[in-house]
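Start counting the sequence shown at 1044; every next residue gets the next number (this note's numbering).
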Amino acid sequence: MSDYIVRATAADAQIRAFACTTKGVVETARQAHNTSPVVTAALGRLLSAGSMMGSMLKGDNDLLTLQIKGDGPMQGLMVTADSKSNVKGYAYVPDVILPANAVGKLDVAGAIGNGTLRVIRDMGLKDPYVGQTLLQTSEIAEDLTYYFATSEQVPSSVGLGVLMERNNTVKQAGGFIIQLMPFAEEAVISRLEQNLSGIMSVTAMLDAGNTP
């Protein structure tokens, strides 16, 4: 399996970044759960996020769980990851079929609907840390961006994507998480925002041959 994660710092450690390619993991999950294309896209995005967020864990036995519950036909998703970025997950209803959304893409937001995102970190203490936010777009990446900003007070940019082949296997999957440290200078923040505004989607970059 050629999946991997790159971890990086930039601007004198004012920025930290994670990027991954997860085609193998997402295709394995698609086969295991026989997911429809829209569910594969949703689950693949959350698996990619879970693998990167798992790598943020400090302890060898720490566990991360990402849980999305929505009022859409998929009902929700669950993903668990460890500190070595081993990840697994499933959708509550794996065979949802929906027409494409307004821009001709798989309608992940429509499949999930309105609901909540929970992030549970089990670090071996008496009680796990639980953060919960309302879904903002139900596209997952934006919801995690909002979660980091509100629950963890870490300004972040999250990009996630899954591209399907015509035979409904996974062509590309991956993502990135970029975070500002508390001491980030205004010039660094402005430059980062400028750079982010000019990038293509995760799947477009992977499909063009770009690596994490």
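Cβ coordinates follow ideal geometry from the N, Cα and C atoms, glycine included. Quantities reported herein were computed from a predicted structural model and do not represent experimental measurements.
Threonine 1212 and methionine 1243 have their alpha carbons spaced roughly 22 Å apart. Per the DSSP secondary-structure output, alanine 1053 pairs in a beta bridge with Ile1058. Here DSSP, grouped into helix, strand and coil, assigns serine 1194 to helix. Contact annotation: serine 1199 and alanine 1192 have beta-carbon atoms nearer than 8 Å.
Nearest C-alpha to glycine 1217 among Ala1247, Gly1204, Glu1228: Gly1204.
The C-beta separation of glycine 1113 from glycine 1158 comes to about 3 Å, placing the pair in contact by the 8 Å criterion.
A direct Cα-Cα distance of roughly 22 Å separates tyrosine 1135 from methionine 1095. Inter-residue distance for valine 1069 and threonine 1052 is about 27 Å (C-alpha atoms, whole angstroms). Between glycine 1102 and methionine 1166, the C-beta spacing is below 8 Å. Within the segment 1172–1236, the beta strand (DSSP E) runs of at least 3 residues that lie entirely inside it are, in chain order, 1172–1177, 1199–1207, 1213–1223.
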